[in-house]
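Enquirer: Below are the structure tokens for one structure; questions will follow.
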DNA sequence: CATGAATGAGCCTTCATTCAT
DNA sequence: GATGAATGAAGGCTCATTCAT
């Protein structure tokens with residue numbers, strides 16, 4: 685194990701990890717092929733069981749070419765992550781104005797999140813694995829999770845001030861807990877294979893969420 | 685990676701995995717030393733980074749002696765798990781009679797769970813890691829989780845029938861979700877290091893839990 | 685390139701470089717076989733062209749066994765050096781009392797040195813090569829050379845005081861220079877293959893030496 | 685390792701080793717840039733640790749361009765050597781007529797030699813290293829050394845005939861030995877770092893030299 | 001049973017050299 | 001000619017597993 689997978693707090697600067705971006709178009713193509721292959725191999729075999737040679741074989745390049753662009757398996761993984769940033773999902777409570785139908789908003793939120801999660805289940809499983817293996821990725825992920833939780837917490841606080849949410853709750857802890865609940869259910873169902881129909885999942889999580897915060901639709 | 689870590693659904697039969705229990709007292713002592721050392725090394729270095737030789741060194745036995753008792757790293761891990769079965773915690777809703785103060789029961793439940801989790805944080809981190817690495821352990825753990833969830837689900841169903849819990853909720857999905865919420869918060873706080881004071885954690889989770897199920901203390 | 689070949693100033697402590705001395709007799713035998721093989725391979729192929737696998741093959745052991753005893757090629761080399769310490773020759777002027785026939789003593793000295801050098805020519809060539817490749821060995825060797833030169837310098841100083849040697853000469857510089865002259869001639873003849881008959885070599889060097897210091901047999 | 689570095693006895697024909705001299709001005713410039721860079725890198729990192737890519741990087745050209753002009757690292761080294769032929773120093777006794785003040789001539793000789801050696805210490809260290817690594821360069825160097833020694837030997841013989849030098853000495857062996865003495869001292873001081881002030885070095889070596897040959901200023 | 005050395009498969013990594021653009 | 005990416009042979013090193021003592 686070598687360098688950090690990602691720069692903890694600054695997801696955009698992951699490039700520092702790599703051996704230099706290609707100058708030629710051909711180089712860009714090869715680098716991309718390696719990243720794409722890496723993702724496929726990681727999703728197929730897991731991070732641990734993926735060998736560099738599997739990746740280069742999948743990419744159709746010589747084994748040495750890997751090192752033209754990356755220092756280590758961690759480094760390609762970072763590049764893969766950079767590509768799928770947006771798919772590093774975190775359930776959260778969007779900001780909302782007074783007119784929004786909160787319940788509908790939460791349901792829409794959950795539906796979108798779960799749909800994406802399901803669609804990217806392999807990737808999600810990969811993230812879960814790497815978070816248990818690589819400290820840097822774990823940290824990056826945790827930081828992102830906190831950022832999302834903070835946004836949710838702000839919304840909760842506002843709802844409390846408006847008398848529309850249980851005032852006894854600590855907003856940040858509640859946000860983390862509820863986000864965690866949704867996230868883990870997605871994992872249980874779409875990674876571990878717990879059988880729950882999609883709609884029932886959406887409905888139940890939404891209801892639990894609304895209940896948990898004691899949300900009132902209108903002030 | 686070789687044999688399965690545990691026999692999925694039957695936690696008691698894990699011994700089948702090992703090379704036969706020692707008959708002599710000396711043998712029993714050596715085997716025990718290896719297991720104890722394995723736990724220490726796993727907690728210290730993680731499952732992945734632990735080498736067989738680290739374990740035997742920690743145990744103060746020759747490296748070859750390992751194979752007198754175990755086939756693989758997975759096999760010792762199974763033995764470690766067998767020893768700490770009771771510490772494979774799962775948050776759940778205990779069965780309760782009509783007279784029980786539900787809120788107090790849930791709070792006591794959470795408090796006990798979180799305390800144990802905190803006390804065994806290293807072990808919990810280990811379990812989390814191995815679950816991402818070894819399919820058999822993952823399955824075993826999932827099965828245990830389901831078993832606990834089923835118990836909770838039964839309680840929820842009864843509370844619904846008694847009009848003391850939100851009748852709209854699917855009991856099993858709700859049980860899984862709420863259990864997941866508590867479990868993941870414990871992980872966030874005691875493994876990832878998210879700073880939340882113990883009491884606030886207990887109170888918030890309990891309240892979220894009570895709210896989520898819309899529990900009413902008395903029918 | 686990894687660790688230092690030898691501990692610069694303390695030639696006896698080279699063992700620190702190795703991975704642990706064998707506890708069993710068998711281990712000692714294997715370690716010895718590796719060292720012996722290493723010497724043979726080094727003398728045959730040179731340090732640079734010697735592969736670890738050549739050494740283990742020559743020793744008749746598995747490639748991995750090398751690492752049971754040594755960390756690197758440098759480390760075995762250090763072990764080889766330790767074994768042949770005494771053969772790290774340095775020409776020098778032995779201490780001598782007033783009665784000694786100085787010229788005869790120098791001749792005997794040179795004869796012995798050149799004989800040993802010739803006998804160990806392959807080893808000498810190896811030392812010469814490694815000194816150009818490895819800083820630590822180079823330093824160790826230089827230090828030994830200085831130590832020998834200092835002894836010679838002391839003798840020269842005494843001879844000067846007794847009026848038996850050119851008083852104009854700086855004893856240490858002269859010692860280094862004359863030692864270097866003899867050492868390099870040995871190298872030229874027995875490593876580079878410059879053709880000079882043994883006796884002529886002994887006689888000429890002795891005479892040059894005696895002349896250079898303007899030695900007088902009797903005070 | 686591939687082709688010979690130099691053509692043993694014929695230092696002028698080294699060009700044969702290269703891929704053909706460039707005709708265009710651009711080509712000539714590139715080739716020169718590579719040679720200059722190679723020298724810098726060799727002096728900085730040593731021959732062994734210098735990678736082709738280090739050289740091209742230093743030269744500011746593409747790695748592939750190297751092979752337009754040279755076949756191998758040995759080949760550029762040969763080109764570097766060709767450029768600094770004159771700096772392949774060898775201490776020697778210049779031819780001299782009867783009127784020359786021999787001692788003054790030797791001193792001037794030594795001074796010039798040591799000055800140049802000091803100025804080119806990095807290059808000298810490089811030569812010393814490569815001589816231990818590459819047979820062809822070693823041979824070339826030895827041949828040059830012999831040629832210089834032969835010249836010195838001729839002078840010694842004449843001095844012997846004139847009764848101005850020790851008639852007992854074999855001229856060639858003496859020439860080699862004394863040349864070696866001076867050469868090695870220069871190495872000790874300016875490469876290995878043995879601390880000797882420049883003037884003391886010149887004086888001591890000159891005196892040793894004069895003594896060794898038993899030179900008499902006037903017949 | 002215990003010991004600890006021996007084994008060798010397996011994967012990583014470097015870098016000289018080639019070659020398409 | 002110049003470029004710089006692609007290639008793959010070559011060797012290093014680790015460590016799970018075996019086995020003679």
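Chains as they are written, first to last, in the numbering used here: chain A, 685 to 903; chain B, 685 to 903; chain C, 685 to 903; chain D, 685 to 903. Where is the CB? At the ideal position from N, CA and C, for every residue including glycine. The model shown is predicted, which means the values in this text are computed figures rather than measured ones.
Which same chain residues end up closer than 7 Å to residue 742 (chain D) when comparing Cβ atoms and leaving out the 5 residues on each side of it in sequence?
Expert: Looking up residue 742 (chain D) in the fourth chain gives position 58. Here the set comprises 721, 724, 725.
Enquirer: At least one CB of chain B closer than 8 Å to the CB of residue 695 (chain A): is that the case?
Expert: Within the first chain, numbered from 1, the residue matching residue 695 (chain A) stands at position 11. Summary for residue 695 (chain A): the model assigns pLDDT 38, below 50, so the residue's position carries little reliability, and this model does not support an answer.
Enquirer: Mark residue 758 (chain D) as exposed unless 16 or more other C-beta atoms lie within 10 angstroms of its C-beta, in which case mark it buried.
Expert: For the purposes of this step, residue 758 (chain D) is taken as the residue at position 74 of the fourth chain. Per the 10 Å Cβ criterion, buried.
Enquirer: Compare the C-beta of residue 808 (chain B) with all C-beta atoms of chain A and state if any pair is closer than 8 Å.
Expert: Within the second chain, numbered from 1, the residue matching residue 808 (chain B) stands at position 124. Residue-level contact check: residue 808 (chain B) does not touch chain A, since none of the beta carbons of chain A fall below 8 Å from its beta carbon.
Enquirer: Would you verify that the beta carbon of residue 826 (chain D) is, or is not, closer than 8 Å to some beta carbon of chain C?
Expert: Taking the fourth chain and counting its residues from 1, the one referred to as residue 826 (chain D) is at position 142. Answer yes: the Cβ-Cβ gap between residue 826 (chain D) and chain C drops below 8 Å somewhere.
Enquirer: Can you have a look at residue 818 (chain A) and say buried or exposed, based on whether 16 or more other CB atoms are within 10 angstroms of its CB?
Expert: Here residue 818 (chain A) refers to the residue found at position 134 of the first chain. Buried.
Enquirer: Taking one C-beta from the stretch 789-807 of chain A and one from the stretch 803-821 of chain B each time, how about it: are there three or more such pairs within less than 8 Å?
Expert: Taking one beta carbon from each stretch, the stretch 789-807 of chain A and the stretch 803-821 of chain B have fewer than 3 pairs nearer than 8 Å; the two do not touch.
Enquirer: Out of A:763, A:841, A:768, A:828, point me to the one whose CA is closest to residue 800 (chain A)'s CA.
Expert: Working through the first chain from its first residue, we reach residue 800 (chain A) at position 116. Measuring from the Cα of residue 800 (chain A), the nearest candidate turns out to be A:768.
Enquirer: Look up residue 853 (chain A) in the DSSP assignment and say whether it is helix, strand or coil.
Expert: Stepping through the first chain from its first residue, residue 853 (chain A) is reached at position 169. The answer is coil: DSSP assigns residue 853 (chain A) none of H, G, I, E or B.
Enquirer: Hey, how far is the Cα of residue 760 (chain A) from the Cα of residue 813 (chain B)?
Expert: The residue given as residue 760 (chain A) occupies position 76 in the first chain. The residue given as residue 813 (chain B) occupies position 129 in the second chain. Distance between the alpha carbons of residue 760 (chain A) and residue 813 (chain B) is about 21 Å.
Enquirer: Please give the ranges of any alpha helix (DSSP H) in the stretch 731-767 of chain A, keeping only runs that are unbroken, at least 4 residues long and fully inside the region.
Expert: 736-743, 750-753, 757-767
Enquirer: Distance cutoff 8 Å, beta carbons only. Does residue 737 (chain B) sit that close to anything in chain A?
Expert: Position 53 of the second chain holds residue 737 (chain B). So no, residue 737 (chain B) is outside the interface.
Enquirer: Strictly below 8 Å CB to CB, what residues from chain B border residue 812 (chain A)?
Expert: In the first chain, residue 812 (chain A) corresponds to position 128, counting from 1. Here the neighbours are 816.
Enquirer: If you measure from the beta carbon of residue 888 (chain B) to each beta carbon in chain A, is any gap under 8 Å?
Expert: Your numbering for residue 888 (chain B) matches position 204 in the second chain. Closer than 8 Å: yes.
Enquirer: Residue 732 (chain D) to residue 863 (chain D), Cα distance in whole Å?
Expert: Counting from 1 along the fourth chain, the entry for residue 732 (chain D) is found at position 48. Counting from 1 along the fourth chain, the entry for residue 863 (chain D) is found at position 179. Rounded to whole angstroms, residue 732 (chain D) to residue 863 (chain D) spans 28 Å at the Cα level.
Enquirer: Looking only at C-alpha atoms, which of C:870, C:893, C:876 sits nearest to residue 882 (chain C)?
Expert: The residue given as residue 882 (chain C) occupies position 198 in the third chain. Closest by alpha carbon: C:870.
Enquirer: Would you kindly work out how many angstroms separate the C-alpha atoms of residue 788 (chain C) and residue 825 (chain C), rounded to a whole number?
Expert: The sequence position of residue 788 (chain C) within the third chain is 104, counting from 1. The sequence position of residue 825 (chain C) within the third chain is 141, counting from 1. Going by the C-alpha atoms only, they are around 28 Å apart.
Enquirer: Using the C-alpha atoms, what's the distance from residue 858 (chain A) back to residue 841 (chain A)?
Expert: One-based indexing of the first chain puts residue 841 (chain A) at position 157. One-based indexing of the first chain puts residue 858 (chain A) at position 174. Rounded to the nearest angstrom, the gap between the Cα atoms of residue 841 (chain A) and residue 858 (chain A) is 10 Å.
Enquirer: Would you please verify whether the beta carbon of residue 798 (chain A) is less than 8 Å from any beta carbon of chain B?
Expert: Counting from 1 along the first chain, the entry for residue 798 (chain A) is found at position 114. Chain B, which has no Cβ nearer than 8 Å to the Cβ of residue 798 (chain A), makes this no.
Enquirer: For residue 868 (chain A) and residue 878 (chain B), what's the separation of their Cα atoms in angstroms?
Expert: Working through the first chain from its first residue, we reach residue 868 (chain A) at position 184. Working through the second chain from its first residue, we reach residue 878 (chain B) at position 194. Each residue's alpha carbon lies about 17 Å from the other.
Enquirer: Taking 8 Å as the threshold (C-beta atoms), are residue 843 (chain D) and residue 849 (chain D) in contact?
Expert: Start at 1 with the first residue of the fourth chain, and residue 849 (chain D) comes out as number 165. Start at 1 with the first residue of the fourth chain, and residue 843 (chain D) comes out as number 159. In this structure, residue 849 (chain D) places its C-beta atom within 8 Å of the C-beta atom of residue 843 (chain D).
Enquirer: With 16 as the cutoff for other CB atoms within 10 Å, does residue 872 (chain A) come out buried or exposed?
Expert: The count along the first chain starts at 1 and reaches residue 872 (chain A) at position 188. Result: buried.
Enquirer: Is the beta carbon of residue 927 (chain B) less than 8 Å from the beta carbon of residue 792 (chain B)?
Expert: Absent from the model: residue 927 (chain B). The displayed extent of chain B is 685 to 903, so no value can be given.
Enquirer: Identify the contact partners of residue 876 (chain D) in chain C, using a Cβ-Cβ distance below 7 Å as the criterion.
Expert: Numbered from its first residue, the fourth chain carries residue 876 (chain D) at position 192. In chain order: 826.
Enquirer: Suppose you measure from the CA of residue 706 (chain C) to the CA of residue 737 (chain C); what does that come to, to the nearest Å?
Expert: Here residue 706 (chain C) is taken as the residue at index 22 of the third chain, counted from 1. Here residue 737 (chain C) is taken as the residue at index 53 of the third chain, counted from 1. Straight-line Cα distance between these residues: approximately 21 Å.
Enquirer: In three-state terms, what does DSSP make of residue 793 (chain D)?
Expert: Within the fourth chain, the letter at position 109 stands for residue 793 (chain D). The answer is helix: DSSP assigns residue 793 (chain D) an H, G or I state.
Enquirer: Of all the options D:823, D:829, D:795, which has the alpha carbon lying nearest to the alpha carbon of residue 888 (chain D)?
Expert: Locating residue 888 (chain D) in the fourth chain gives position 204, counting from the first residue. Checked all of D:823, D:829, D:795; the closest Cα to residue 888 (chain D) is D:795.
Enquirer: Quick one: grab the DSSP three-state call for residue 901 (chain A).
Expert: The residue you call residue 901 (chain A) lines up with position 217 of the first chain. Residue state, collapsed to three classes: coil.
Enquirer: So that I know if they touch, is there some Cβ in chain A lying closer than 8 Å to that of residue 895 (chain B)?
Expert: As a first step, residue 895 (chain B) is located in the second chain; it is residue number 211 there, counting from the start. Closer than 8 Å: yes.
Enquirer: Using a Cβ cut-off of 9 Å, which residues of the stretch 773-785 of chain A contact any Cβ in chain B, in chain order?
Expert: none
Enquirer: Run through DSSP, which three-state label would residue 836 (chain B) get?
Expert: Here residue 836 (chain B) corresponds to residue number 152 of the second chain, with the count starting at 1. Reduced to three states, the DSSP call for residue 836 (chain B) is helix.
Enquirer: Give me the chain B residues within the contact set of residue 858 (chain A), using Cβ-Cβ distance strictly less than 8 Å, ordered along the chain.
Expert: Numbered from 1 along the first chain, position 174 holds the residue referred to as residue 858 (chain A). Listed along chain B, the residues sitting closer than 8 Å to residue 858 (chain A) by beta-carbon distance are 888, 892.
Enquirer: Count the other CB atoms within 10 Å of the CB of residue 822 (chain B); is the residue buried (16 or more) or exposed (fewer)?
Expert: Residue numbering aside, residue 822 (chain B) sits at position 138 when the second chain is read from its first letter. Classification of residue 822 (chain B): buried, given that the 10 Å Cβ count is 16 or more.
Enquirer: Is the beta carbon of residue 896 (chain D) less than 8 Å from the beta carbon of residue 895 (chain C)?
Expert: Along the fourth chain, read from residue 1 onward, the residue named residue 896 (chain D) stands at position 212. Along the third chain, read from residue 1 onward, the residue named residue 895 (chain C) stands at position 211. Less than 8 Å separates the beta-carbon of residue 896 (chain D) from that of residue 895 (chain C).
Enquirer: From residue 712 (chain A) to residue 764 (chain A), what distance separates their C-alpha atoms?
Expert: Against the first chain, residue 712 (chain A) aligns to sequence position 28. Against the first chain, residue 764 (chain A) aligns to sequence position 80. Their backbone Cα atoms lie some 15 Å apart in a straight line.
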